[in-house]
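As structure tokens, the structure follows; a few thoughts come after it.
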Amino acid sequence: MEFIEAIPVTFKEITPNHNIPEKWKEVVLNTGGTHSTLQDIKLPQKAGGYWYRDSKKANTRNRFIYWQTTSDSIELSEASLDVNLAGCNLRCKVAPGTPPLNNLAFYERTSSQQIVILAATVSSVHRLVFPHPDVLHFRLDRKSTFGSSGNMTPSIFIDTSAINNPNNYYILNQYSNTNTGVAHSCASLLRDNGEAVFALAFGYGVEGGLLLVKLPVTGSAVTLSLKRESTVPRFLHGITGALRGKSDGVDTYGVVLVNGLAVAICGDTCLRAWLLDDGGAPTAVSAPLSQTLERPKPPPHGHMLQYTTALDGSILLVAYISFPNECEFMVMKMHDGGAGAVKFSQICHIFGPQLDLLDYSIGYGEGSHVIWALWTQPDGDAVVTSSAIGAEVSWRAVAAREPLSALPQLASNQQYRDRLLTPGLFPQALVKKALVIYRRTWGGAETGMDADLKESCMSAVQARMRNLTARSTTLDHSQLMHKCWSDLYSWCMQYMEGLQKPLGLMVSKHSGEADSGWWCAVVRRSGVSLVRQLEPLERIMLSPSPEDTLPDARAVMGGDTGELSADAVRVVVAGARWERAATTPGAADLERRLFACAAPLDRLLPRLIYLLHAATPQDHPAPTLSPEQIDEITSILEPIRDLQNAVLELNDALRLDVPEIDTCTSDNEETSEYENLFASDLGVAIVTEAIRQMAEMRSRVVRGAMAAMGVARGAGGVPGAGHCAVHWQAYRALLWLRAATLQRPAAGSSEAFRLKLTALGGESAESSSTAETVGGAAAAYAAAAGGRRARTHLAAARAPTHWHQALPLMAYHLAHQLWAVSGGFEFGWWVASINQPRLVQNYVALLEPWCEWNACSRQFILGLALLELDDAEGAYTAFCRAAKGVSTEPFLRNLVATPDARLTQHQALVLYYMKVIKLFEIHDAGACVVRLAETAISIADKDDPNLAMFQWVVFKWHLSGGRVSRALSAAAANPAPHARAAAAATLLTTLAERKQLGALVSCGALAAEAERAAAARAKLHDPHPHNPYYDFLYALYISRQHYRKAAAVMYERAARCASERGGAKWRRRWLAAAVTCLRLAAPDHAFLAKPSAPANAPRALQVIGPDELAAELRQEVPEALDAVQQALLKTENIDFENLYPKLNEADAETLLAVTKRAISTSQFLPKWFLQRFMEVEGSLCIRALLSGGRALEAGELCCEALRRAALALCPPAPSPRAAPLALADLLLSELPHHTHHPHVKQVYNDLKTLVDEYMKIVIRTSEDMKLAQIKTHI
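Counting with full-length UniProt numbering, you get residues 1 to 1274 for the letters of the sequence shown.
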């Protein structure tokens, strides 16, 4: 423990809160039958991984495979930081009693485009062959047959057809016996010809042995046993082994295959090398690597051996020598000894801590080789250390994982639930599993998991609270609530500890990564965590003794960011010392109490001073320092010459600034390699966690610096401390965004929300982010617009794309976008465009007391959120506050106009109000719309083209609200003629429905527009009985004493009534009104132009005066009509007897009307009436009867007419007259259809005969007249 606490901390793990893989593809490996000696074999659970060789290609960049072994399977998972992989989890099951061994080897075969994984169990060896990602990507481009998700890339584990090919495995049960034991370790090698070579180490403490298995591509496997005997004299290498009581067996602990050799570290600490193709005795044996006489630790904590390729191409062997009381790494170099022999030379040895080594690996870092080691401490915690291989040992540690804090006392179930489901705390799959156990522990009902995890947690805890309340009534409700939620929280913590157990390390062994910096990954039970280098400020804060860094403060900061002076470093060291003295819980409690009241910025520093010196409550951790601790902090700060400059310098270092980069790419510049950088779910989780660590550490730096200055000198006396307070709160806001959750939008709100964004010229970002996101708001932004914007900047800067080099840049750019005091508003607009009103409301409330950056823009998005929450008045207030920044804040300026538009302050405000009005109109908030429009009218220029629109808006909402007088005023004030005309038309329609047209009559400003609109609409509606537009015109003209116009309107209405059924009564009324108006008019204007259009005559005008109009009115009065006209107006049958005198003297028009009426009522027509009609107009009578369906009567009358016409042609003085021949033809065509009636047949025959005779008479008479004329001339 002393060793771990003494070494510097220079690395930190990034553990993403990634979803635990729940879907696994399972295959069963053929490991042979279970032998009795293989029962109850227990091997340690191990893990490792492999990074793809080509880190430049998009298919393999930042992509890796990690594995872990269990007692009955090998679990393989492929992951990528750039793309989501489908079918990426493969579980290779083995037979019971044949557990897998602790080492897997990965190879990329470029010739066959395959990934080959070499694995072994205690009874078999396997060559697992999968397609290379390049091949899968090519297949996906050629034919889109994979899956249904467009954003998924197939994993190599999608094709498992070659796993159980007989040529790809070999069963070796016969080699396990009581003498050799079972294999406990292995190494493997894939040769260029595809042959797989396995070296299995059997047993320790017994006879043991080393077995080589060669598995060719085709054909049978070959096995070779490696012997211990050597041509080297035994006294040179066996003395140490003999002293340890070692038998002649090859007590092999670790083995590697390299350069055609099998090299093993044996129990006597000697290195032995065998030729792979010869077997037999070793070709070389090294001197013992240790002179310790104790027996080594048994596997898995015993001796281990690994190798790496040096930068010059030689082989370096790194052996871990483990004894109960000492351990060390021995670095040996292999040399060619000639004739197939090798020699070993020692490079260095590195002493390690007295801890159990779980795993170690050799990677590259800053141009040299690096040993990464994973240790377990006595308390069960694991620690990762690293050291460069060289003469000087310099162990460096990875910062210990931050333990999960206990569940605090909260006020409500909702707060407990939100705390439990905080993004980044527990994966959802883990909470679901803990929820099942939680229900079982107290006997709760085994109900199905609800679709909503929040509701599931709430219902389970409330059910248990009811159960405990029923048992005992003495428990306080708050204590009971805390107990029930704490139990569920503890189950989640237990599962989380199990899932976070480290199993192995994963580094890149490709020589191309030699100069890319120190980096590593830890494989855990639930996934992987990446190890990154600490920032200089983090190193100081995490240093075991911060004050020890003061003598070489500049060196501590390193050459990367050497801008900070020694004085600024002293401020950071003082803060770290204060935090160590106050303890982490005490510092966190001080911060919580400081910001609990949401004090404004000017009151924050005095409150901090008060809390630092105030007495601490009993139930709070004690951040109060002793006088000795205060003196120590004061001594750190005393050498600073100018504290103000030191604090300002620290502020500059803490500021997140990104230089302006031209992101417009040229056509020749290829940026596709950046399109998917950190775009996968895992990549987003990694970046988000890196941002959280950055924000948390920088927040601690500021907190410690301010507290240290407050304790030593009083922060109020340091001018730069105010900026520190701003940065502190900015980083706190960043942490809040990391934990803020996204909620499901309310049902039915999406459409209105999209309409609002469309009105603002934007697009909705509502997608998968609208659902509850595991990583919170920051993760959702990183996965969407924020990630795209950051990748664009990295592409413009041509930044590196390998994860450990690109991650700090990506995290920094995203943090800059999320940082409240960065000046940009990209995140603010994005969070407003994803339909999360509660999140926006809380975000603005968090920043409002202290953040001046983009204050008006935040008020704008707050207004959007409040509109979505149906708080129109609150939204109106927010939008009015936001209006102050239209000309000063870039976001609002770009919202109302293009960046190059030249607008005055008033013009910009007018455009702003126009957009806000559209938002309120979508929510039907008329009162706010009117106020905004009136405000815009008051500030707009007189020639502003938008004035008409604002006046129209005011008019429309006043009219819809029933405020007619205000609506009339707004309409009259509208400067646009077309708008006034439209307003008049709208007023006519609306006020007519409300029966309030009198208000429009009294509005003289709209008289002309209203008159035109009413005249047009009056003709489109029925003239009677209710046509409000005629009424309006009549009232308008009367009110203005335009009596002739009023008479014309009424006469037009009366004329329209004459042509419609049932309009006689209304016609008389309108005629009477017209007569009255004409008599009221001046004599010179008392006339009307009456249109007169006889049939087939051009249209003409007839001028009539009051007298002519009165005569026309009298004709419309029933009492002024004769008896025949009155009879026609009635519905009864016509009384021909009483009307005989009138009808005997009636004209043809009257007789026709009576005939039509009698025919329509099926009334009998008297003979005398028909004779009278024939005398007046015979053809008209016959036509009326024929058209009325009385063909028989028409035929009889036609016969009579023909007889009279024929008699008129008789000599001596013929008088020609018109005969109804045309009607006769019609009758002759109609009557044959009814000749089955005798009378009809007779009439038909008579008519036909008469027509023929008449024609003969006409011809004869014509001839006679011609002869007579000729004789006369002669």
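The beta-carbon is built from N, C-alpha and C at its ideal position, and this holds for glycine as well.
What span of residues does the beta strand (DSSP E) with residue i cover, start to end?
i, result
"LEU1165", "Careful: LEU1165 lies outside any beta strand (DSSP E) and carries neither H nor E."
"THR69", "63 to 69"
"ASN842", "Unbroken run through ASN842 is the alpha helix (DSSP H), 837 to 847; no beta strand (DSSP E)."
"ASP356", "356 to 365"
"ALA397", "396 to 398"
"TRP274", "271 to 275"
"LYS93", "89 to 93"
Does residue i pass the burial test, meaning 16 or more other C-beta atoms within 10 Å, or should it be called exposed?
i, result
"LEU293", "exposed"
"ARG994", "exposed"
"ARG592", "exposed"
"LYS1256", "exposed"
"HIS1237", "exposed"
"VAL1103", "exposed"
"HIS132", "buried"
"SER456", "buried"
"MET1174", "buried"
May I ask you to report which of helix, strand or coil DSSP gives residue i?
i, result
"PRO8", "coil"
"CYS348", "strand"
"CYS1003", "coil"
"GLU26", "strand"
"residue 1290", "Nothing about residue 1290 can be read from this structure; the chain reaches only from 1 to 1274."
"PHE323", "strand"
"ILE1104", "strand"
"ASN17", "coil"
"LYS1032", "It is worth fixing the name first, because residue 1032 is Phe in this sequence and not Lys. In this structure, PHE1032 counts as helix in the three-state DSSP scheme."
"GLY209", "strand"
"LEU104", "coil"
"LYS1090", "strand"
"GLN1125", "helix"
"ARG1053", "helix"
Please report the residue range of the alpha helix (DSSP H) in which residue i lies.
i, result
"GLY776", "776 to 783"
"PRO1238", "1238 to 1273"
"THR584", "584 to 595"
Within a Cβ cutoff of 8 Å, which residues of the same chain sit near residue i, ignoring the five residues on either side of it in sequence?
i, result
"ASN1144", "TRP1168 and ARG1172"
"MET706", "GLY575, LEU605, LEU608, ALA715, ALA721, CYS724, ALA725 and TRP728"
"GLU696", "TYR731 and LEU735"
"LEU1228", "TYR1244, LEU1247, LYS1248 and VAL1251"
"LEU1006", "LEU968, ALA971, ALA972, ARG980, ALA983, ALA984, LEU987 and LEU1000"
For residue i, which residues from the same chain have a beta carbon less than 6 Å from its beta carbon, with the 5 sequence-adjacent residues on both sides left out?
i, result
"PHE955", "ALA967, ALA970, ALA971 and ALA983"
"THR15", "SER529"
"TYR416", "LEU410 and TRP485"
"HIS923", "LEU867"
"TYR1051", "ALA1074 and LEU1088"
By Cβ distance, which residues of its chain are closer than 7 Å to residue i, with the 5 residues on each side in sequence left out?
i, result
"residue 1277", "Lying outside 1 to 1274, the shown extent of the chain, residue 1277 is not represented and no answer is given."
"ALA187", "ASN103, ALA199, VAL255, VAL256 and LEU257"
"VAL1075", "PRO1106, LEU1109, ALA1110 and LEU1113"
"LEU1139", "ALA1123, VAL1124 and ALA1127"
"residue 1344", "With the chain covering 1 to 1274 only, the question about residue 1344 has no answer from this structure."
Output the distance between the C-alpha atoms of residue i and residue j, rounded to the nearest integer angstrom.
i, j, result
"ALA646", "ILE636", "13 Å"
"GLU763", "SER833", "7 Å"
"LEU534", "LEU200", "40 Å"
"LYS297", "ARG524", "24 Å"
"LEU1231", "ALA1194", "10 Å"
"LYS12", "TRP829", "33 Å"
"THR583", "ARG419", "23 Å"
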